[in-house]
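So the number in this note's numbering is just where the residue sits in the sequence shown, counting from 1, plus 91.
Cβ coordinates follow ideal geometry from the N, Cα and C atoms, glycine included.
Everything numeric in this text was worked out from a predicted model, so none of it was measured.
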Amino acid sequence: SIVTERTVLELQGVSCLAIEDVVPDKKQIISSRSFGAPVTELDDLREAITLFMLRAVDRLRSQKLLCATIGVTIKTSRFEQPYYNSHITVTLSHATDDRLLLVKSAMYGLEQIFKSGQRYKKAGVMLLNIVPEARFIPDLLADQEQINERKLLTFTLDEINKKFGKDTIAIGSCTFKNRNWTMTQANKSPSYLTSWKDLLKIY
92 SIVTERTVLE
102 LQGVSCLAIE
112 DVVPDKKQII
122 SSRSFGAPVT
132 ELDDLREAIT
142 LFMLRAVDRL
152 RSQKLLCATI
162 GVTIKTSRFE
172 QPYYNSHITV
182 TLSHATDDRL
192 LLVKSAMYGL
202 EQIFKSGQRY
212 KKAGVMLLNI
222 VPEARFIPDL
232 LADQEQINER
242 KLLTFTLDEI
252 NKKFGKDTIA
262 IGSCTFKNRN
272 WTMTQANKSP
282 SYLTSWKDLL
292 KIY
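Written out as structure tokens, the structure is:
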């Protein structure tokens, strides 16, 4: 059969997969925004980075992926001097899609690069070293019971938000309205399907 023939060829080192049959792994997931007004307080940056991380993890989980490294970036406006742009990567003990763990790691990274007295204009997070959940091999020395408990917690949060609406349960106050770090509205796409004021006008 064709399947048997392909198997024999593969064992002989001859690849039978067409280029389009091989789906490359996703390299990174980025979530970043420019702020509506300069941010100077660490607490405001914590809120923003928390929300960016939650959005990035939503994308990670929707594709059944895990990440083993995260990155955090904060920067001031290039038009203001002195210009400050800092980035840090944090390596996790194991690949994960655990929201709480990833947010905690992002907070640690932020605190390492935050510099008081700066007027931050943009911030973001990156998920790196991404692997498919199905291909992840857990560390035999890891506390598997704790990992399973956290998976159950994450699953429960997902189900609550699915049933009662996005961000019904979130972390901290990052989803509250009218925050100091709200993204620049001038760059926001109109919400034609969800906002009456954004409906197209025909004259």
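In this structure, Q209 sits away from T164, with a CB-CB distance that is not shorter than 9 angstroms. Remark: three or more beta-carbon pairs, one from each stretch, lie closer than 8 angstroms, so the region 151-160 and the region 180-193 are flagged as touching. In this structure, DSSP gives T131 a state outside helix and strand, which the three-state scheme calls coil.
Following the DSSP letters along the chain, one finds G200 in no beta strand (DSSP E) but inside the alpha helix (DSSP H) bounded by residues 190-204. When the beta-carbon positions are compared, I140 and M198 come within less than 9 angstroms of each other. Counting every other CB atom within 10 Å of its CB across the protein chains shown gives R169 a total below 16, marking it as exposed. In the DSSP assignment, G215 falls within the unbroken beta strand (DSSP E) covering 211-223. Checking the DSSP bridge columns, you'll see H178 partnered with T164.
Judged by their CB atoms, Y211 and Y175 are nearer to each other than the 9 angstroms cut-off.
In terms of Cα proximity to R152, the closest of I251, F246, F255, K254 is F246. Sorting E171, L193, S207, N252 by C-alpha distance to the C-alpha of A147 places L193 at the top.
Under the three-state reduction of DSSP output, R241 falls in the helix class. A straight line joining the alpha-carbon of R137 with that of Q154 spans about 26 angstroms.
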